[in-house]
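Working notes for the structure below.
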Amino acid sequence: MNTEDLKILVADDDSGARELVSAILAADGWPDPVLVEDGEKALEAIRERHWDILVTDLDMPRMRGDDLVRNAIEEDPDLSIIVTTGDGTVQNAVDLMQSGATDFITKPYDVDDFITSMQRARLRAMNVHEVRGMRDTVEALLVALESKDRYLNGHSVRVRDMAVKLGEHAGLDRGQLRTLGYAALLHDVGKIGIHEDILNKNDKLTDDEYKEIQRHPEISAEIISPVPFLNPSVKAVLHHHERWDGQGYPHGLSGEQIPLMARIIAVVDAFDAMTSDRSYRSAMPHSVAMQAIQSGKGIQFDPRIADLFEKHKDEILVREELTP
Ligand SMILES: [Fe+2]
Numbered sequence: 010m011n012t013e014d015l016k017i018l019v020a021d022d023d024s025g026a027r028e029l030v031s032a033i034l035a036a037d038g039w040p041d042p043v044l045v046e047d048g049e050k051a052l053e054a055i056r057e058r059h060w061d062i063l064v065t066d067l068d069m070p071r072m073r074g075d076d077l078v079r080n081a082i083e084e085d086p087d088l089s090i091i092v093t094t095g096d097g098t099v100q101n102a103v104d105l106m107q108s109g110a111t112d113f114i115t116k117p118y119d120v121d122d123f124i125t126s127m128q129r130a131r132l133r134a135m136n137v138h139e140v141r142g143m144r145d146t147v148e149a150l151l152v153a154l155e156s157k158d159r160y161l162n163g164h165s166v167r168v169r170d171m172a173v174k175l176g177e178h179a180g181l182d183r184g185q186l187r188t189l190g191y192a193a194l195l196h197d198v199g200k201i202g203i204h205e206d207i208l209n210k211n212d213k214l215t216d217d218e219y220k221e222i223q224r225h226p227e228i229s230a231e232i233i234s235p236v237p238f239l240n241p242s243v244k245a246v247l248h249h250h251e252r253w254d255g256q257g258y259p260h261g262l263s264g265e266q267i268p269l270m271a272r273i274i275a276v277v278d279a280f281d282a283m284t285s286d287r288s289y290r291s292a293m294p295h296s297v298a299m300q301a302i303q304s305g306k307g308i309q310f311d312p313r314i315a316d317l318f319e320k321h322k323d324e325i326l327v328r329e330e331l332t333p
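Written out as structure tokens, the structure is:
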């Protein structure tokens, strides 16, 4: 992505301030921004398409800048936002950054400071762009995988959605939930390295075939570890088949030796597997699968995580029960 491709939106009720931003950007070789005079108009524009950078005033009629920041981030979490304001108190800056603003500058500002802030936003926008490209690659990889194993249809996305909700109840923060989300989405991606005949076999697996299937967490971890933004997810992926009692694989870890994210994935993965059709049996009703998770507490599953899953099941379960 090049600077001339950046889409920049400027929101300020003061036409002089809007023109000033426009002139500074033009003089420094940035693409022409789109100028709007209040938060509501800016939000409309954000709903219509993806922008890379939003420069917004804080004190505007109709919708204030802080409300705009919150709404804009909800609409497009990838947006980089610079807030300009006459009220440069620390508390104000902290509140805005917590709402999702990327940067904060006090008016009247120095042109160089403004450009520095724009450059930071550009760097972030470019990273976001790169990550979006990788996300597309990841999705393509999953489609390829799920087409190979007919019992995996939609499994990765469901496990991701349930894992993130369960992770929230387990107290993970936003960054950790993102790591968990990728881990849960990609936990089985290593099955791409396992022969289709084994994945789709209707009869009981031989010992050798079972060993072959058990390689998939390691293959998954190998696939994702070279990708920088997926690297934090590697441990959760590698250990998603460990068991609380130490009888799992690949390393036979037990209890809290198993990374928390892997313990979370283990619970929702098992639940989704039980409530989906498999080559050797049809789907179980939710209530039966939930019972099985409870019975596996302290044996296969982390008791605390299994309890949280039971406690918040109405919110966590993402799929209509398809079974009678
Ligand atoms: Fe797995």
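Position in the sequence shown counted from 1, then plus 9, gives you the numbering used here. Built from N, CA and C at the ideal position, the CB exists for glycine as well. Everything numeric in this text was worked out from a predicted model, so none of it was measured.
Among the options, which one has its Cα closest to the Cα of residue i?
| i | options | result |
| --- | --- | --- |
| residue 284 | 272, 299, 274, 271 | 299 |
| residue 235 | 143, 296, 64, 88 | 143 |
| residue 141 | 85, 95, 247 | 85 |
| residue 123 | 135, 65, 289 | 65 |
| residue 292 | 161, 202, 67 | 161 |
| residue 18 | 39, 11, 246 | 39 |
| residue 296 | 275, 59, 28, 319 | 319 |
| residue 61 | 133, 217, 286 | 133 |
| residue 24 | 258, 172, 45, 106 | 45 |
| residue 118 | 268, 26, 241, 325 | 26 |
Drop a sphere of 10 angstroms on the beta-carbon of residue i, count the other beta-carbons inside from all chains shown, and report buried for 16 or more, exposed for fewer.
| i | result |
| --- | --- |
| residue 156 | exposed |
| residue 211 | exposed |
| residue 95 | exposed |
| residue 308 | exposed |
| residue 276 | buried |
| residue 249 | buried |
| residue 30 | buried |
| residue 59 | exposed |
| residue 200 | buried |
| residue 170 | buried |
| residue 304 | exposed |
| residue 191 | buried |
| residue 183 | exposed |
| residue 174 | buried |
By DSSP, does residue i sit in helix, in strand, or in coil?
| i | result |
| --- | --- |
| residue 20 | strand |
| residue 285 | coil |
| residue 183 | helix |
| residue 188 | helix |
| residue 236 | coil |
| residue 67 | coil |
| residue 44 | strand |
| residue 252 | coil |
Notebook entry, point to check: Which residues are close to ligand 1, meaning CB closer than 7 Å to any heavy atom, in chain order?
Noted result: 196, 197, 225, 226, 249, 250, 278
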